[in-house]
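Enquirer: Numbering (our numbering), first residue to last: 6 to 269.
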Amino acid sequence: MKINVKGVPETMIQTLYARAKETSKENPKIKDEMAVSIVKQLDYDFSQANQDKTMRSGVIARTIVLDKMVDEYLDKHKNTIVINIACGLDTRCYRMKGKYIRWYNLDLPETMNIRKQFLPETGPIYQIAKSAMDETYTNTIHNEGEDVLVIIEGLTMYLTEIDIKKIFSIIEHAFSNVTIMVEVMSPFMVKHIKEKSIEGSRAQFTWGIKNGKELEKLTPSFSFLKEVSLVEGMKQLMPIYHVLGKIPFVSHVSNKIIVLEKHI
Numbered sequence: 006m007k008i009n010v011k012g013v014p015e016t017m018i019q020t021l022y023a024r025a026k027e028t029s030k031e032n033p034k035i036k037d038e039m040a041v042s043i044v045k046q047l048d049y050d051f052s053q054a055n056q057d058k059t060m061r062s063g064v065i066a067r068t069i070v071l072d073k074m075v076d077e078y079l080d081k082h083k084n085t086i087v088i089n090i091a092c093g094l095d096t097r098c099y100r101m102k103g104k105y106i107r108w109y110n111l112d113l114p115e116t117m118n119i120r121k122q123f124l125p126e127t128g129p130i131y132q133i134a135k136s137a138m139d140e141t142y143t144n145t146i147h148n149e150g151e152d153v154l155v156i157i158e159g160l161t162m163y164l165t166e167i168d169i170k171k172i173f174s175i176i177e178h179a180f181s182n183v184t185i186m187v188e189v190m191s192p193f194m195v196k197h198i199k200e201k202s203i204e205g206s207r208a209q210f211t212w213g214i215k216n217g218k219e220l221e222k223l224t225p226s227f228s229f230l231k232e233v234s235l236v237e238g239m240k241q242l243m244p245i246y247h248v249l250g251k252i253p254f255v256s257h258v259s260n261k262i263i264v265l266e267k268h269i
């Protein structure tokens, strides 16, 4: 199947490929057979993604860290609705099956048109074809006071501070008890890093923040709970990161998953 996407939506093809490639290894650090199946069906030039080992390692490290964090959260909160913002072709909802009440995958209409061709989901997995900055998306989400977990990965670094505040404001006004797990990039990396696999598209890194305390200042209705560096995932991929991770600069500039929460 021929896929024609540019800009930020194109990054979902690269991340899908990274998960498929890792799964196909002899001793994979993650298992995503659905990604392998979708990649086989795509008519797309993966040569750039194949050369971009840095991007692939980052995607796998993020998957390792977030899978663990989401799994642990769902184990502790049995009555949870999950909202996966900018889901792309993410398949975490299948790896976590049976651990949540409902799971909502949210992305732009052009992205969801592609997703539903490969993953035609029905309850308890739902699809919402809207921007995370469109406050009407929350009207589609059925919530009767359950815990809400929002996952935002691979998105914030392509946005602006105004966009980030808008996304958090919509979540804040729509839900009473909500936890957000959001991936952020450091300002240093935003300035100095380019991913070879997305150079051909119009996707560019535009926003970064140093840590969870800084993000809490930006979104005062939410309390900073903790942050986990993607170095933790890299340690499983490359043992050298057990040493590198102790260098303050490495941990400071690595992407992080920041956990914030809001309770009434």
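All C-beta atoms, glycine included, are put in the ideal place defined by N, C-alpha and C.
Here the structure is a predicted model, which means the values were calculated and not measured.
Buried or exposed for residue 243, going by 16 or more other Cβ atoms inside 10 Å?
Expert: Taking the first residue of the sequence shown as 1, we reach residue 243 at position 238. Counting C-beta atoms within 10 angstroms of its own C-beta, residue 243 has fewer than 16 neighbours from the protein chains shown and is therefore classed as exposed.
Enquirer: Do you know how far the Cα of residue 67 is from the Cα of residue 17?
Expert: For the purposes of this step, residue 17 is taken as the residue at position 12 of the sequence shown. For the purposes of this step, residue 67 is taken as the residue at position 62 of the sequence shown. One C-alpha to the other measures close to 14 Å.
Enquirer: Distance check for residue 129 and residue 112, CA to CA, integer angstroms please.
Expert: The sequence position of residue 112 within the sequence shown is 107, counting from 1. The sequence position of residue 129 within the sequence shown is 124, counting from 1. If I take the Cα positions, the gap works out to 17 Å.
Enquirer: Taking the alpha-carbon positions, what's the residue 219 to residue 227 distance?
Expert: As a first step, residue 219 is located in the sequence shown; it is residue number 214 there, counting from the start. As a first step, residue 227 is located in the sequence shown; it is residue number 222 there, counting from the start. Cα to Cα, residue 219 sits roughly 12 Å from residue 227.
Enquirer: Let me know if residue 193 comes out buried or exposed under the rule of 16 or more other beta-carbons within 10 Å of its beta-carbon.
Expert: Position 188 of the sequence shown, counted from the first residue, corresponds to residue 193. Exposed, because fewer than 16 other Cβ atoms sit within 10 Å of the Cβ of residue 193.
Enquirer: Please tell me whether residue 188 and residue 240 are closer than 9 Å, where the distance is taken between their beta carbons.
Expert: Residue 188 sits at position 183 when you count from the first residue of the sequence shown. Residue 240 sits at position 235 when you count from the first residue of the sequence shown. No, the pair does not count as a contact, with Cβ atoms beyond the cut-off.
Enquirer: Take residue 202 and list the residues in its own chain whose beta-carbon comes closer than 6 Å to its own, dropping the five residues that flank it on each side.
Expert: The residue given as residue 202 occupies position 197 in the sequence shown. Because the pLDDT at residue 202 is just 47, under 50, the model does not fix this residue reliably, and the point stays unresolved.
Enquirer: Check the C-beta distance from residue 266 over to residue 183 and give it rounded, since I have them as a contact under 8 Å.
Expert: Numbered from 1 along the sequence shown, position 261 holds the residue referred to as residue 266. Numbered from 1 along the sequence shown, position 178 holds the residue referred to as residue 183. Contact check for residue 266 and residue 183: beta-carbon distance about 7 Å, within the 8 Å limit, so the pair qualifies.
Enquirer: Counting only runs of 4+ residues fully inside the region 108-156, write out the alpha helix (DSSP H) ranges in chain order.
Expert: 114-123
Enquirer: Mind checking whether residue 5 and residue 107 have CB atoms under 9 Å apart?
Expert: Here the chain comprises residues numbered 6 to 269, so residue 5 is not present and cannot be evaluated.
Enquirer: What whole-angstrom Cβ distance do residue 72 and residue 100 have, given they're in contact under 8 Å?
Expert: Taking the first residue of the sequence shown as 1, we reach residue 72 at position 67. Taking the first residue of the sequence shown as 1, we reach residue 100 at position 95. 6 Å between Cβ atoms; contact.
Enquirer: Taking 9 Å as the cut-off, decide whether the C-beta atoms of residue 155 and residue 69 are in contact.
Expert: Numbered from 1 along the sequence shown, position 150 holds the residue referred to as residue 155. Numbered from 1 along the sequence shown, position 64 holds the residue referred to as residue 69. Cβ distance not < 9 Å, so residue 155 and residue 69 don't count as in contact.
Enquirer: Name the DSSP bridge partner or partners of residue 262?
Expert: By 1-based counting over the sequence shown, the position of residue 262 is 257. For residue 262, which the question treats as bridged, DSSP gives the partners 188 and 233.
Enquirer: Should residue 245 go down as buried or exposed, given a rule of 16 or more other Cβ atoms within 10 Å for buried?
Expert: Locating residue 245 in the sequence shown gives position 240, where the first residue counts as 1. Exposed, by the Cβ-count rule.
Enquirer: Rank 229, 190 and 230 by C-alpha distance to the C-alpha of residue 212 and give the top, closest one.
Expert: Mapped onto the sequence shown, residue 212 falls at position 207. That would be 190, whose Cα lies nearest to the Cα of residue 212.
Enquirer: From which residue to which residue does the alpha helix (DSSP H) around residue 55 run?
Expert: As a first step, residue 55 is located in the sequence shown; it is residue number 50 there, counting from the start. Start and end: 52-56.
Enquirer: Pop quiz: residue 224 and residue 171 are said to be a contact at Cβ under 8 Å. What is the actual Cβ separation, rounded to whole angstroms?
Expert: Residue numbering aside, residue 224 sits at position 219 when the sequence shown is read from its first letter. Residue numbering aside, residue 171 sits at position 166 when the sequence shown is read from its first letter. In fact, because the Cβ distance is near 11 Å, the residues do not count as touching under 8 Å.
Enquirer: Short check: CB of residue 86 to CB of residue 152, under 9 Å?
Expert: On the sequence shown, position 81 is the one that residue 86 refers to. On the sequence shown, position 147 is the one that residue 152 refers to. Between residue 86 and residue 152, the CB-CB gap stays under 9 Å.
Enquirer: If distances are taken between C-alpha atoms only, which option among 216, 174, 236 and 238 comes closest to residue 230?
Expert: Counting from one through the sequence shown, the residue named residue 230 turns up at place 225. With distances taken between Cα atoms, residue 230 lies closest to 216.
Enquirer: Residue 173: buried (16+ other C-beta within 10 angstroms of its C-beta) or exposed?
Expert: Translated into positions along the sequence shown, residue 173 becomes position 168. Residue 173 is buried by the Cβ-count criterion.
Enquirer: If contacts are defined as beta-carbon pairs under 8 Å, then residue 22 and residue 44 qualify, I think. What distance do you get, rounded to the angstrom?
Expert: By one-based count along the sequence shown, residue 22 stands at place 17. By one-based count along the sequence shown, residue 44 stands at place 39. The pair is a contact, with the Cβ atoms about 6 Å apart (cut-off 8 Å).
Enquirer: Between residue 163 and residue 133, is the Cβ-Cβ spacing less than 9 Å?
Expert: Mapped onto the sequence shown, residue 163 falls at position 158. Mapped onto the sequence shown, residue 133 falls at position 128. No. Outside cutoff.
Enquirer: Is the beta carbon of residue 263 sitting closer than 9 Å to the one on residue 186?
Expert: Position 258 of the sequence shown holds residue 263. Position 181 of the sequence shown holds residue 186. Cβ distance < 9 Å, so residue 263 and residue 186 count as in contact.
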